[in-house]
Structure formats: structure tokens, C-alpha cells
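Top line first, the protein sequences correspond to chains A and B. Quick note on numbering that gives the first Met the number 0: the first sequence kicks off at 0 and runs consecutively. Quick note on numbering that gives the first Met the number 0: the second sequence kicks off at 0 and runs consecutively. C-beta: ideal position from N, C-alpha, C; glycine also.
There are 2 protein chains.
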Amino acid sequence: MIKEKINQAAGIMREEGIDLWLTFVRETEAVSDPALDLILGTNCTWQSALLVPAGGKPVALVGSLDETRIKETGAYQVIGYKQTIREVLLEQVEKHAPQKIAVNFSTNDVISDGLTHGMFLLLRKYLEGTPFADRMVSSENLISKLRGRKSPEEIRRIRKNVELTEDIFDRVTKFMKPGMTEKEVAAFILGEVEREGVETSWGPEECPAVFTGPDSAGAHAGPTDRKIEKGHVLNIDFGTRSEKYCSDLQRTWYFLRKGESGAPAQVREPFETIRDAIALAAERIRPGMEGRQIDTLARSYITSRGYEEYPHALGHQVGQRTHDGAGMLCPEWERYGNLPYLKIEEGQVYTLEPRITIPEYGVATMEEIIVVRADGGEFLSHPQTEIILI
Amino acid sequence: MIKEKINQAAGIMREEGIDLWLTFVRETEAVSDPALDLILGTNCTWQSALLVPAGGKPVALVGSLDETRIKETGAYQVIGYKQTIREVLLEQVEKHAPQKIAVNFSTNDVISDGLTHGMFLLLRKYLEGTPFADRMVSSENLISKLRGRKSPEEIRRIRKNVELTEDIFDRVTKFMKPGMTEKEVAAFILGEVEREGVETSWGPEECPAVFTGPDSAGAHAGPTDRKIEKGHVLNIDFGTRSEKYCSDLQRTWYFLRKGESGAPAQVREPFETIRDAIALAAERIRPGMEGRQIDTLARSYITSRGYEEYPHALGHQVGQRTHDGAGMLCPEWERYGNLPYLKIEEGQVYTLEPRITIPEYGVATMEEIIVVRADGGEFLSHPQTEIILI
């Protein structure tokens, strides 16, 4: 998969007018560049430079002790150094005489932003006095397109994790009872994850995240000792990772009170609003649109029905990582930088995950996964259409 | 331990004339700042700023969805934001009106260099037009002193891992036989690690690293299918991690050939040179010396006996991380930046790990661990004095 992605990069570099792609890292066990999963698959110890020219062979400049291990990846010609990377780096850059060098930093996209500021200062120092010091641009567009455009094999792997996650949700439905704590539900799920021999999509302290009832901890918090009660809306945010790819899904349950045969209207209506906002977004998404347009569509559908807007993006990409890079379905908020304005592309895989807080009950939220096709979003998940009753 | 370390920071900030310590991060599951292990102990999602003033309460500015989780650390007053961190950040910085702001970047020290270049550009943009934009300095000295000065509790935890590692080395001595592969030896050790309920100090692909015989893969490579033969020198680089602290040790074995009762002189002499270089370094190290002085002492002892110098540093610090920050015993090579010139401090914990390649036999290398006291290095490990015979 690493060679496949590096080969794919050359084409995107020509689209973007990039002559040389330079990924500069060191001691990646301490501070890693997320792009290494995509283009290296192992760690570097001393200052290391991965050079991918638009034409020609990829070259890795690494500390002499790392040579053997980097060679084993089979994706690079490896040149080792002992005291300093400066000379070999200059030599390689001069060889390609690039007009535009894409470097691994980005204000907008965290997973294109693996260059630390200290390493940027070093790189600028090494290139000082050459014409190349002023030819560095962000590699965010390149990485974004490279991650975004999923091959059929990549989609197969994501779908496999989606299906396993849905299957585990079915087991959870049979397991959960009023009186259980969020932590007990999470422990059950982690047991199933272990039994399946896979990993969780993000850290197991918050994957699964389990929220029951009103005034729960809210997104991005771990499960608590709070007990499930009748009349609670409960939701779970969870995904599995296997073959290096992830899923990321949410489902919503309702615990019936005595005498109830369905969820009350105050619960059902916001649930259905979420469900229909997701369906609308999947139907209308097209390559060439900007992410913010789809976010606005879902967001305004929800507010037009009298609910508060969700305090986050409609969706993010999924792939090797749960948050797989630039290109988000997000509003024009400053913290999202240029992401709302990036063009949606065919083959990208997005989550759709609006939420509505239901006073006195809990939070309604589903998270589905689609792949963008020429004529709309194809669901990789089986969208939840009814609130699950227990 | 997090509160203890943050309290310790205030004193060091006064030494260094720092008014405010600012750690700026985002999506730390994707790109982490190693300092977070020391001062936060959990992840941040949106752009987040950890502010520690020289006097006054630590404040964490985090995305609203992270508020609950960061509050649970108990170490910070937490202020959440929704659309942008800009206003709350400016407000907090202005409140302290710092003359000198230590920020999480460093050219020299990888584990003080958690700020990505993209995040640096954002921070500069947020502070633009204020006097604070020009008051940012590297927090490397602060972090280096904070990590380096180990408390008795920190030393107890390191020692515990050192002792477990030595114990596992004893079990390996009983296990290893000619004909076994490096991978089989590594698998045995990982089994012991699992049985003890601890972790390896670094990634289990290369921890333990096992090298047998001449022309093995060299440092920083994983174990291979190469078989142990009689007449091989074998070494293992390995450490355990528990209670959040690490060990990192190396030992050397020799496999006797038919009729041998000890290692031949060509093996024994370089081994003893290594051993004596370590003893010399431990005896002579003192607070206030520069790291390069101790490296030179060991390096020149080895070359004076006619051997090649080792192609790396004599030693690094050990603590929560295997490579626990600035302050190294290293030569004046460009790739080490200013590290050779940093002052050794009391309470720092260093490895001592010279090596000599023995033609036709393998590599002799030990790695011991000392804590720096006023009158020299106190061994936390039990130094290997004789090559272990099998």
C-alpha cells in the first residue's frame, strides 16, 4: 500500500505543479508525522528527509543506524549519514533543482502538519543561501488529495470495519439493560473488540464513548459510572481498526419507561430530524462542491426545524485515521482555517454526524459513512432509520 | 505526578526569567507534544493552549467538547471555547503581560519541540499586533530542567524498571541456545514482558533489539531470522515501562565454541574496554560539567586503546521516555545542535552505552544507567563486569 500511495503521489504532484515533495522528521517515536503511515510505515531516529520527486526515484536520507530498517520498506533509495544531514540534503535538493518544494507543514490540516517548528528552523538554516529556501510551500493539498482519493482496496478495508462495528452495535443492543453503567457498556464493547482481534479506531479510554441520559459528559469524554435509567436516550461513538483502516459510527438508543411502546415524540422528532439531515447531505453531495456547502445544508435543515445547530462539523474524512485529513464538511469558523472551502472529490470517504441535545432525555446523534461518487454519496454504513428501543 | 511537575515548573521559570509558559497543541492523537505526558496526561482535540504563569494558577484553553475531560486532570482552571481560541488566548496572555513567553518549540531537543510549524504560524497570527508576538522564546531549557531533575519517587520508578529488565536478562541467559534465531529470543522476552504486565520502553518491533554475530543489522533494526552460532557475540537492547517510567539497558553474551572455556582475547579486550569506559564516565561525571566532556572522556579512552569511536552519543537521559530530553552525553556533531554544551545537573538520569564492533564476532556493547549525584554517578543498574558465557 505504501508503494501504491507513493506512485499515486507523482500524478497529484504534476496537477499541483510541485517538483519535489520533502517530508522532514526526526525521532518519530517521540513526535510523529501522520504522513509517515501513508508513505513510510516505520520510524526514523535522527533527522531524516523523505524526498519524492515528480519524476524519478524516491530517496530517503536517514541516520546511518536507521539505514537497514528504512531499506526494508522497499519504497526508497536510502542514503545514510553520520554527523549531519546537511550535505546529503543539499546535494539531493540541488540535483532536482525544484521550483516548488512541498514541505510537511500546514496551518489548516493537522495531519499534513508533521513538521515541528524547530525542524522548520533547521531546514531553513540548511537551505540558507540557496534559491530553494524561498521555494517551500505547504504539502497540504498534495497530502489531502493523496489521502482523500481512496482506491477500491482502501474502500474495501473501511467497509469491512464499518460492518464489524455495526455487528458489535447489534451485540450491544442485546447486552444493555437499565441499571448498567456507561463503563460496563464500554467494557463489553472492548471485550468484543479484543475477541475480534482488532483495535479501536481511537484511544480505548474514549472508544467507545458512551453517553446516557440528560447532562452526560458530552462528546470527547470517557464513559462514567452514570447508570442507564428508563427514559434515557443513550448514544455510542465507536469504531474499529483493522488492516490499518478505520470506521467511526454513532448510534442512538432509547430505554422504554413502564407502559411505553415507543419513544415519546420529544425524542422521536429530533432523532428523525438528524436522520433526515444525514439523508439529505448524502443525496446532495457532489464532487466539486465545497465542504461548507454540505455542512450548511444539514445545519440549516436542523435549525429550520427549530433545533439548535450542532457545535462541530457535519463530517470528516475516514481512512487510515479516524480524522483522515483535510477536506471536511464544516462551517466557516476560524478554527477550521481553509477546510470549509476545499473541494469535495470523488473517492473521498466522509462521516455525517449531526447531533441534537434533547432536554431531559439525552443526545440524539447518528454518524454514518459515505463514499463520494459522481452522482452522490454511497453509504458504506447501513443508516439508522429508527431509534433502537430497549 | 502531573501537579507535582507543574509546581516544580514555577521555580524553574523564575530561574530562567520566564513569565509565562505556553504549550500550544491540537488533535494530539494525530500529532502529540511529548511534554503533555509531563503536564497534562490526556489528549486535546481542537487548538488548545496550556498556560503556566510563573506566579498564579495554570489555565487550559480548550475546545468546548474537551472541557470535561481536561477538568478531570485537576491541574488546570479550564476555559472552553467554540468557534476560535483567539479571544480567550489573547485575554489570558494580556492578563499576565509577560516579558518572556516560553513556547513549545526547539531546534535542539526533539521532546521540547511539540509545536508544529503550522501551529507556530497560527500562534504568530493570533498575537500579531500585540507586543507579545516578539516575546516568544523556546521552552527547551525549562522542559529540560523539569524533566531532568528527578524526584526520589521518579528515581524509584526508574530503578524498579531497571531491576525488572536485569531480571529478564537473567531469564534470557537461561533460555538462549545456539541455533535459535534473533526473533525467537525477542519473542521469549516479549512473553516475559506480557507475563509481568508491563510494557516495552519503545516499540515492540525493536524492543528488544537482538543482534547476533558479525554483520548483523546494526542498531535501530528489528530482530531477524539470523541464527545464533557458536563463536557469536550477541547483544540485546531492551527496557521495560511501568508506572509511566522506563529503563533502557544493553548486555553482551558470548557463545562458546567447542573446547573453549572463555571468550577469546579478541572478544574479551574490546568488551573490557567498553566496561572500563563506562566505569570511568560514571566516576568522573559531576553536576556543572557539559555533556560533551563526559562523552569525550569515554570516546577518547576507547580510541586511545586502538578501537574505532562509537557512531553515536555516549548516553541520553531516561525517565518517562526512553530518550528523556535535552542534556545528552554527546559529541560536538552538528546533528546534536546545542545538546553537547548543556550543563549536567544533579538528579539527572543518564545511560552510558559505548560500543565496539568486533570483526568476525559481533558487537560488544553494554548500556548502564546512572543518576547524577554531587560526587559522581550512582549506578541504578548493576553494571555488567564480565561477558556472559553460554
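Item                                                                                                                 : Value
Closer than 8 Å to chain A by CB, residue 317 of chain B                                                             : no
Proximity below 8 Å, CB of residue 122 of chain B to CB of residue 23 of chain B                                     : yes
Identity of the residue in A:193, A:341, A:92, A:32 nearest residue 293 of chain A by Cα                             : A:341
Spatial distance of residue 133 of chain B from residue 114 of chain A (CA atoms)                                    : 22 Å
Under the three-state DSSP convention, the category residue 130 of chain B falls into                                : helix
Three-way DSSP call (helix, strand, coil) for residue 256 of chain B in this model                                   : coil
Residue 103 of chain B in three-state terms, based on DSSP                                                           : coil
For residue 20 of chain B, the residue or residues it bridges with in DSSP                                           : B:51, B:101
Cβ-heavy atom distance, residue 55 of chain A to the ligand GDP, below 7 Å                                           : With respect to small molecules bound, the structure shown includes none, and the ligand GDP cannot be examined in it.
Neighbourhood of residue 339 of chain B by C-beta, 6 Å cutoff - its chain only, sequence neighbours within 5 removed : 290, 291, 329, 331
CB of residue 84 of chain A within 8 Å of CB of residue 48 of chain A, strictly                                      : yes
Cβ-based burial, residue 265 of chain A [other Cβ within 10 Å; buried from 16]                                       : exposed
Residue 357 of chain B beta carbon less than 8 Å from that of residue 175 of chain B                                 : no
Same chain, Cβ closer than 7 Å to residue 15 of chain B, neighbours up to 5 away in sequence not counted             : 140, 141
Contacts that residue 119 of chain A makes with chain B (C-beta to C-beta distance below 7 Å)                        : 116
Residue ranges of each beta strand (DSSP E) within the stretch 320-360 of chain A, 3 or longer                       : 348-351, 354-357
Residue 113 of chain A at chain B interface by Cβ criterion, 8 Å                                                     : yes
Three CB pairs or more closer than 8 Å across the stretch 68-81 of chain A and the stretch 97-112 of chain A         : no
Environment of residue 282 of chain A [buried if 16+ CB atoms lie within 10 Å]                                       : exposed
The stretch 313-347 of chain B: positions lying closer than 7 Å to chain A by Cβ                                     : 320, 322, 332, 333, 334
Within-8 Å CB hit, residue 210 of chain B to chain A                                                                 : no
Cβ-Cβ distance between residue 251 of chain B and residue 383 of chain B below 8 Å                                   : yes
Contact set between residue 419 of chain B and chain A, taken where Cβ atoms lie within less than 8 Å                : Within the shown structure, residues of chain B are numbered from 0 to 389, placing residue 419 of chain B beyond reach of any answer.
Per-residue burial, residue 2 of chain B [other beta carbons within 10 Å of its own, 16 or more giving buried]       : exposed
Cβ-based burial, residue 373 of chain A [other Cβ within 10 Å; buried from 16]                                       : exposed
Contact belief for residue 111 of chain A with residue 9 of chain A at Cβ below 8 Å, rounded distance in angstroms   : Rounded, the Cβ-Cβ distance is 18 Å, inconsistent with contact.
Proximity test, Cβ basis, 8 Å: residue 85 of chain B and chain A                                                     : yes
Extent of the continuous alpha helix (DSSP H) run through residue 246 of chain B                                     : Careful: residue 246 of chain B lies outside any alpha helix (DSSP H) and carries neither H nor E.
Under 7 Å (Cβ pairs) to chain B, residues found in the stretch 96-108 of chain A                                     : 104, 105, 106
Residue-chain proximity (residue 67 of chain A, chain B), Cβ-Cβ < 8 Å                                                : yes
Neighbouring residues, chain B, relative to residue 397 of chain A (Cβ below 8 Å)                                    : Given a span of 0 to 389 for chain A in the structure shown, any question on residue 397 of chain A remains unanswerable.
Residues from the stretch 182-204 of chain A in contact with chain B, defined by Cβ distance under 7 Å               : 201, 202
Any chain C beta carbon closer than 8 Å to residue 34 of chain A                                                     : Looking for chain C here will not work: the only protein chains present are A and B.
Beta-carbon spacing of residue 366 of chain B, residue 379 of chain B below 8 Å                                      : no
Counterpart residues of residue 62 of chain A in DSSP-defined beta bridges                                           : A:80
8 Å Cβ cutoff met for residue 400 of chain A and residue 347 of chain B                                              : For chain A, the structure presents residues 0 to 389; residue 400 of chain A sits outside this window and is missing.
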